[in-house]
Amino acid sequence: MGLVKEELEGRSAYQKQVASDREAYKGMLGELGREVAAFSPADVADVERFMGAFEDKMALLSDENMVLKAFPDWPSRKVEMLRECAARSRDVREMVTSLDVASPKWRTR
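Numbering (this note's numbering), first residue to last: 43 to 151.
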């Protein structure tokens, strides 16, 4: 079975790129996984800062999901929770901004 997988991966440029990313970023992903697992934010601002740096690193990967399949200890549930938290925080901030009566959009016409 492993031989078939290796043969299929060897044929596709996409699979070659994923395999290359797995090898090239193995150290970074191992360290990042440990950072995520240990991350304990004091507030939402900490989550946003952490996830900003996290997303910058993940943007280096050709296909995040495929690359991370090779890392069985990857804290995927925590990553998704942190992403959701950061997204909801942005949504709330945008909502507050849109309701700000001091903004120009609320001027009398």
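Glycine included, C-beta positions come from ideal geometry on N, C-alpha and C.
Query                                                                                                                                                : Result
Under a Cβ-count criterion, where at least 16 other Cβ atoms within 10 Å of its own Cβ denotes burial, should Ala84 be classed as buried or exposed? : exposed
I think Pro117 touches Gly75, with their Cβ atoms under 8 Å apart; what is that distance to the nearest whole Å?                                     : 6 Å
Would DSSP call Pro146 helix, strand or coil?                                                                                                        : helix
Taking 8 Å as the cut-off, decide whether the C-beta atoms of Glu90 and Ser131 are in contact.                                                       : yes
Exposed or buried, what is Val121 when buried is set at 16 or more other beta-carbons lying within 10 Å of its beta-carbon?                          : buried
Express the C-alpha separation of Ala144 and Phe113 in angstroms, rounding to a whole number.                                                        : 49 Å
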